[in-house]
Amino acid sequence: MANSSNNNGSSFFFLLKDFPGLETAHCWTAIPVCCIYVLSFLGNITIMYIVKTVPSLHTPMYLFLSMLSMADLGLSVSTLPSMAAVYLLGQRKVNAAVCFTQLFFIHTFAVIESAVLLAMAFDRCVAIRKPLHYATILTARRIGIIGMAIVIRSVGLHLPLPVLLGRLQFHSVNFLAHSYCVHPDVLRLATSSTRVNSGLGLFVVLSTLGMDVVLILLSYVLILKTVLSIASNAERLKAFNTCISHICAVLLFYTPTVSLSMIHRFGKKNLPAQLYMVLSYLHFLMPPMLNPIVYSVKTKEIRVRVLKMLHPKTLLW
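Just so we're on the same page, this note's numbering is the position in the sequence shown counted from 1, plus 1048.
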C-alpha cells in the first residue's frame, strides 16, 4: 500500500478496532459501554456538585477530590467520541487530525489524573505527619497553584505529540489496535523514522507517570512510618483509614498500566488480543466510573450527601 504525505492530513485515515470476537454484536457491546459512560458522568458530576455546594467540604482533601473528578470527566469525554462511533454506530473510520487531537486529550487528562493522585498523596502525608500545620501548609492559594501547575505540565508536555505525528508518513489506511487513538498505537503504524517521537514519548511517560508513582510510593512510606509510630491501635487505624479511598484510586489507575507494560516486555507474543483490549479499557474507562463509587462508599461526608440527594428526607448524621 502506498505511503501518503502528511502535508495533507485528509489523504490518510485510521480504522478503530472493535472488541475482538464481538465485531458483529454492536447491539450488545453498546450496552455496557453506555452504562460505563453514564455512571462516569453522573458520579463525577455529583462529586463536583457536592464539593462545590457544601462549604464544610471546601478543604484540601475534598478540593483535590473535585480535581480528580474533573480529570476523570475529561478522560471520559476524550474517549467517548470514538467509543460511541464504534459501538453505537459501527463507524470505525477516523480522520488523522481527529485521531491526533483525541490522543492529545486522552494522554493529557490521564497525566492530569496521575498528578492529582500524587497531590492527594501529598495531602494525606501532610495531614498525618503534620496535622497541626495542615491548614497553614495547604492553603486555598497553594492548592490553586498546584492545580495550575498540574494542567500546565500535562498540556505542555503533550502539545508536541500531535505536531510531531503530523510530520510522519503513514499508509493510506491504518489499522489501530484500540477503539480510540493513543500515541504508541498510532506511532507503530508510521512508515517513516519515529526516533524523535519515541524519545519524546518515553521522556513524557518517565517524567509524569513514572515520577508520579515513585513519589506516591515515597509518600506512603512516610505515612506508614508515621502511622506505625502511633501508640494507640485505634488512632493508628483511624489515621490509615483516611488513606483507603486514595489507595483504591491509585490501584485502579496504575495497575492496568503496569500490567500492560509487563506484558509488552515479558509476556508471550501469542497472548490473546482480548487481554490487551481489556487492560486498556480498565485503564481508561474504569477509574472514571469507579472512583466516585469508592469515595462515596468510603468517605462519610460524601456518602451522607449522596444519600441526601437520593433521599431528601434522610437525616445527616
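Glycine residues also receive a C-beta, built at the ideal position from the N, C-alpha and C atoms.
Owing to the predicted nature of the structure, the values given are computational and were not obtained by experimental measurement.
Expressed to the nearest angstrom, what Euclidean distance is found between the alpha-carbon atoms of Cys1296 and Thr1305? Indexing the sequence shown from 1 puts residue 1296 at position 248. Indexing the sequence shown from 1 puts residue 1305 at position 257. Their Cα atoms are separated by approximately 15 Å.
Specify, as a first and last residue, the run of the beta strand (DSSP E) that Phe1062 falls within. The residue you call residue 1062 lines up with position 14 of the sequence shown. 1061-1063 is the extent of the beta strand (DSSP E) around Phe1062.
Can you tell me whether Phe1153 is helix, strand or coil according to DSSP? What you label residue 1153 is simply residue 105 of the sequence shown in a count that begins at 1. Phe1153 falls in the helix class under three-state DSSP.
Please specify which runs of the beta strand (DSSP E), each continuous and at least 3 residues long, are wholly inside the stretch 1218-1298, giving them in chain order. 1221-1223
Pairwise C-alpha distance: Leu1128 and His1074: For the purposes of this step, residue 1074 is identified with residue 26 of the sequence shown, where counting begins at 1. For the purposes of this step, residue 1128 is identified with residue 80 of the sequence shown, where counting begins at 1. When rounded, the distance between both Cα atoms is 15 Å.
Whole angstroms is fine: what's the gap from Ser1104's alpha carbon to Thr1347's? The count along the sequence shown starts at 1 and reaches residue 1104 at position 56. The count along the sequence shown starts at 1 and reaches residue 1347 at position 299. Between Ser1104 and Thr1347, the C-alpha separation is close to 14 Å.
Compare the C-alpha of Leu1257 against each of His1226, His1206, Ala1225 and name the closest. Residue numbering aside, residue 1257 sits at position 209 when the sequence shown is read from its first letter. Out of His1226, His1206, Ala1225, His1206 has the C-alpha closest to the C-alpha of Leu1257.
Quick check: the Cα distance between Val1203 and Leu1123, rounded to an integer number of angstroms? For this step, residue 1203 is matched to residue 155 along the sequence shown. For this step, residue 1123 is matched to residue 75 along the sequence shown. Whole-angstrom Cα-Cα distance: 14 Å.
What are the partner residues of Val1022, as DSSP defines its beta bridges? No information on residue 1022 is available, as it lies outside the stretch 1049 to 1365 that the chain covers here.
For Gly1069, which three-state DSSP category applies? Here residue 1069 refers to the residue found at position 21 of the sequence shown. Three-state result, Gly1069: coil.
Cβ-based burial, Leu1276 [other Cβ within 10 Å; buried from 16]: Indexing the sequence shown from 1 puts residue 1276 at position 228. The residue is exposed, with fewer than 16 neighbouring Cβ atoms inside 10 Å.
Looking at Phe1218: is its Cβ nearer than 8 Å to the Cβ of Leu1237? Here residue 1218 corresponds to residue number 170 of the sequence shown, with the count starting at 1. Here residue 1237 corresponds to residue number 189 of the sequence shown, with the count starting at 1. Cβ distance < 8 Å, so Phe1218 and Leu1237 count as in contact.
I'd like the span of the alpha helix (DSSP H) that includes Leu1355, first residue to last. Here residue 1355 is taken as the residue at index 307 of the sequence shown, counted from 1. Segment 1348-1358, the alpha helix (DSSP H) holding Leu1355.
Rounding to the nearest angstrom, what Cα-Cα distance links Val1244 and Leu1165 in this structure? The sequence position of residue 1244 within the sequence shown is 196, counting from 1. The sequence position of residue 1165 within the sequence shown is 117, counting from 1. When rounded, the distance between both Cα atoms is 29 Å.
Quick test of your reading: Asp1066 and Ala1163, contact by CB under 8 Å. State the CB separation rounded to the nearest angstrom. Within the sequence shown, residue 1066 is the residue found at index 18, counting from 1. Within the sequence shown, residue 1163 is the residue found at index 115, counting from 1. Wrong, their Cβ atoms sit about 32 Å apart, outside the cutoff.
Could you tell me the boundaries of the alpha helix (DSSP H) in which Gly1214 lies? Here residue 1214 refers to the residue found at position 166 of the sequence shown. Per DSSP, Gly1214 belongs to no alpha helix (DSSP H) and is neither H nor E.
Collapsed DSSP secondary structure at Pro1320 in the structure displayed: Translated into the one-based positions of the sequence shown, residue 1320 becomes position 272. The answer is coil: DSSP assigns Pro1320 none of H, G, I, E or B.
Tell me the rounded alpha-carbon separation between Leu1358 and Arg1201. Taking the sequence shown and counting its residues from 1, the one referred to as residue 1358 is at position 310. Taking the sequence shown and counting its residues from 1, the one referred to as residue 1201 is at position 153. Computed Cα separation, rounded: 38 Å.
Measure how close the beta-carbons of Leu1186 and Asp1171 come, nearest whole angstrom, since I'm counting them as under 8 Å. Locating residue 1186 in the sequence shown gives position 138, counting from the first residue. Locating residue 1171 in the sequence shown gives position 123, counting from the first residue. Confirmed, about 6 Å.
Proximity of His1226 and Leu1209 at Cβ, strictly below 8 Å: Here residue 1226 refers to the residue found at position 178 of the sequence shown. Here residue 1209 refers to the residue found at position 161 of the sequence shown. For His1226 and Leu1209, no; Cβs fall outside 8 Å.
Using C-beta distances below 7 Å, list every residue in its chain close to Tyr1135, excluding the 5 sequence neighbours before and after it, in chain order. The residue labelled residue 1135 in the question sits at position 87 within the sequence shown. Correct list, in chain order: His1074, Thr1077, Ala1078, Val1081.
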